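Going down the list, the sequences are from chains A and B. According to the UniProt record's numbering, the first sequence holds residues 1 to 105 in order. According to the UniProt record's numbering, the second sequence holds residues 1 to 105 in order. Where a beta carbon is used, it is the ideal one built from N, C-alpha and C, also for glycine. From a predicted model like this one, the values you see are computed outputs, not experimental measurements. Reading through the structure tokens given below for one structure.
2 protein chains.
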Amino acid sequence: MDDELSRAFAALADPIRRDIVARLTADDMTVTEIASSYDVSLQAVSKHLRVLEAAGLVSRRRDGQQRWAHLEVDVFDLLTGWIDTYRRRAELRHQRLDEILRRPT
Amino acid sequence: MDDELSRAFAALADPIRRDIVARLTADDMTVTEIASSYDVSLQAVSKHLRVLEAAGLVSRRRDGQQRWAHLEVDVFDLLTGWIDTYRRRAELRHQRLDEILRRPT
DNA sequence: TTCGTACTCAACCGCAAGGTTGAATATTGG
DNA sequence: CCAATATTCAACCTTGCGGTTGAGTACGAA
Numbered sequence: 001m002d003d004e005l006s007r008a009f010a011a012l013a014d015p016i017r018r019d020i021v022a023r024l025t026a027d028d029m030t031v032t033e034i035a036s037s038y039d040v041s042l043q044a045v046s047k048h049l050r051v052l053e054a055a056g057l058v059s060r061r062r063d064g065q066q067r068w069a070h071l072e073v074d075v076f077d078l079l080t081g082w083i084d085t086y087r088r089r090a091e092l093r094h095q096r097l098d099e100i101l102r103r104p105t
Numbered sequence: 001m002d003d004e005l006s007r008a009f010a011a012l013a014d015p016i017r018r019d020i021v022a023r024l025t026a027d028d029m030t031v032t033e034i035a036s037s038y039d040v041s042l043q044a045v046s047k048h049l050r051v052l053e054a055a056g057l058v059s060r061r062r063d064g065q066q067r068w069a070h071l072e073v074d075v076f077d078l079l080t081g082w083i084d085t086y087r088r089r090a091e092l093r094h095q096r097l098d099e100i101l102r103r104p105t
């Protein structure tokens, strides 16, 4: 768990963090606002936000006492990029396999 | 870490498991074959394969002494499905925001 | 049946993750 | 300045993960 890709996948492996990401698609939110949705402490949510920030999924901005969390969608491209690369390779392999099987002997 | 989505994200958070998935796009492989690529014990690789199987990313078939691992690409759709849903929402939000900002006052 | 090969099971270890509570640190309002 | 609000820091606990080693199982070859 060192590279950006690992951090991104790991960040989204937690249901609460995925839900936070989902909510942030609607609007930027403060820590307290986010925490009101879950049955965990404010500090736990604060930790989740740090994990999301370290993964590049969230950026944060201070405004007075409040810290607004903002979704950064670029990391989504990193994830889908990795997935699509290997999905494509798997599909190519199957195409080649079909070719061989259909080749008249 | 209970649902399929969490298991899939968590499975891909580990670099060795991602590399195993990458190799399986080329061909089905046995445990020993896979283990030869990494500096960990055969048992550790066996565990990684169980995690990948539990996540639905890999299926396994016994053939004599050997157990072949086979990549299952459907889980990729589950992942990209989730990601694309929320990327789309985030983009829609930005479109609406742009509309408002461009609206003459 | 016996031996080697391929793999899994089981017990253990170190460490990090996700949670808690309590104290500390801004920042704003009165 | 003082008090309340918003958030983080720090210490701690429990659980799960990724790794190990050693023993057990299952199959094939001779």
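Within 8 Å (strictly less), CB to CB, does residue i reach chain B?
i, result
"A:L57", "no"
"A:I83", "yes"
"A:A69", "no"
"A:L78", "no"
"A:A26", "yes"
"A:Y86", "yes"
"A:S36", "no"
"A:S6", "yes"
"A:R96", "no"
"A:R93", "yes"
"A:R89", "yes"
Buried or exposed, going by whether 16 or more other CB atoms sit within 10 Å of the CB of residue i?
i, result
"A:R17", "buried"
"A:E92", "For the record, residue 92 of chain A in the displayed sequence is Leu; it is not Glu. A:L92 comes out exposed."
"residue 128 of chain B", "Here chain B covers residues 1 to 105 and nothing more, so residue 128 of chain B does not appear."
Is residue j closer than 8 Å to residue i when the C-beta atoms are compared?
i, j, result
"B:A11", "B:L52", "yes"
"B:H70", "B:R61", "yes"
"A:G56", "A:E4", "yes"
Express the C-alpha separation of residue j and residue i in angstroms, rounding to a whole number.
i, j, result
"B:D39", "B:P15", "13 Å"
"A:A35", "A:V58", "16 Å"
"A:D2", "A:L101", "42 Å"
"B:Q95", "A:T32", "27 Å"
"B:A13", "B:A44", "16 Å"
"A:F9", "B:R103", "39 Å"
"A:T30", "A:L97", "52 Å"
"A:I83", "B:E99", "33 Å"
"B:S37", "B:T85", "36 Å"
"A:E72", "B:A54", "30 Å"
At the 8 Å Cβ level, is residue i part of the contact set with chain A, yes or no?
i, result
"B:A22", "yes"
"B:V51", "no"
"B:P15", "yes"
"B:L12", "yes"
"B:A44", "no"
"B:V40", "no"
"B:A54", "no"
"B:V31", "no"
Any heavy atom of the ligand FMN closer than 7 Å to the Cβ of residue i?
i, result
"A:L79", "The model depicted lacks the ligand FMN and carries no ligand whatsoever."
Using 8 Å as the threshold, is the segment 45-55 of chain A in touch with the segment 17-35 of chain A, meaning 3 or more CB pairs across them?
yes
Touch check for the segment 83-102 of chain A and the segment 24-43 of chain B: three-plus C-beta pairs under 8 Å?
yes
Is the segment 60-77 of chain B close to the segment 64-71 of chain A, with three or more CB pairs under 8 Å?
no
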